[in-house]
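Visitor: For what it's worth, UniProt numbering labels the leading residue of the sequence shown as 1, then goes sequentially.
Before we start, here is the structure in question, set down as structure tokens.
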Amino acid sequence: MIAGPAALQRVEIESPCPLPFLDIVPDNPDPADIRAIVATLDAYNIANSGMAELPGFAVILRDPQTRAATGGLYAIDGYGWAFVRYLAIPDEYRGQGLGRRLMEEAKRIARARGYIGLRLDTFEFQAPPFYEKLGFELFGELEGALGAIPAIS
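The structure is reproduced here in structure tokens:
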């Protein structure tokens, strides 16, 4: 047995390829870089979950004259769930049942795809009571702090 500093030795390990370097992008990453990150994650997820993600879907609110999108719902595949990523109703149309209709259509699409149901995240200032009226149940909450609004799942 050898003790002390004389026992230490450096062992060089050859790597089949050089390791990548970190490129820190604190603001506005390139969309192509984001696509590369997502592609890597998708490949891993498919290989390890056995489930390929389906494309996202939308239910769009359109201006009756211009047909321009003014709001709507966008959901993505969430491994057996439809994850409602965005739901936006212009102020002038709130309170007219459009949010409920958008969510009903999303639920219909989710059922047609064989999903268990819908899930979403929201913030305290957004619409937790709206989602509760639709039957959503709180399953997680992050407390707010200085510079962070409470989040609800």
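Ideal Cβ positions, reconstructed from N, Cα and C, are used throughout, including at glycine.
#1: Beta strand (DSSP E) containing threonine 70: first to last residue?
#2: My guess is that alanine 110 and leucine 73 are in contact by the Cβ rule of under 8 Å, so how many angstroms apart are they, rounded?
#3: Does DSSP put alanine 52 in a helix, in a strand, or in coil?
#4: I need the DSSP call for tyrosine 115, collapsed to helix, strand or coil.
#5: Quick check on leucine 138: buried or exposed, where buried means 16 or more other Cβ atoms within 10 Å of its Cβ?
#6: When burial is assigned at 16 or more other CB atoms within 10 Å of the CB, is leucine 41 buried or exposed?
#7: So, are the CB atoms of phenylalanine 130 and alanine 151 less than 9 Å apart?
#8: Exposed or buried, alanine 145, counting other C-beta atoms within 10 Å across all chains shown (16 or more means buried)?
#9: Have a look at leucine 134 and serine 153 and give me their C-alpha separation to the nearest angstrom.
#10: Does DSSP classify residue 198 as helix, strand or coil?
#11: Please confirm whether tyrosine 93 and threonine 70 have their CB atoms less than 9 Å apart.
#12: When you compare the CB positions of isoleucine 89 and leucine 120, do they come within less than 9 Å of one another, or not?
#13: From what residue to what residue does the alpha helix (DSSP H) around phenylalanine 125 run?
#14: For isoleucine 152, name the three-state secondary structure that DSSP assigns.
#15: With a threshold of 16 other CB atoms inside 10 Å of the CB of residue 178, please say whether the residue is buried or exposed.
Guide: Looking at the atomic coordinates:
#1: For threonine 70, the enclosing beta strand (DSSP E) begins and ends at 69 to 77.
#2: Contact doesn't hold; Cβ gap of about 11 Å is too wide.
#3: DSSP, reduced to helix, strand and coil, places alanine 52 outside both helices and strands of the structure shown, so it counts as coil.
#4: Residue state for tyrosine 115 is assigned as coil, using DSSP reduced to three classes.
#5: Classification for leucine 138: exposed.
#6: So leucine 41 counts as exposed.
#7: Judged by beta-carbon spacing, alanine 151 lies beyond the 9 Å limit of phenylalanine 130, meaning their Cβ atoms are not closer than that value.
#8: Residue burial is scored here from C-beta neighbours: alanine 145 has fewer than 16 other C-beta atoms within 10 angstroms and is therefore classed as exposed.
#9: Leucine 134 and serine 153 have their C-alpha atoms some 14 Å from each other.
#10: This structure leaves residue 198 out entirely; the chain is present only between 1 and 153.
#11: Contact: yes.
#12: For isoleucine 89 and leucine 120, no; Cβs fall outside 9 Å.
#13: DSSP places phenylalanine 125 outside any alpha helix (DSSP H), giving it a letter other than H or E.
#14: Strand.
#15: Not covered by the structure: residue 178. The range shown for the chain is 1 to 153.
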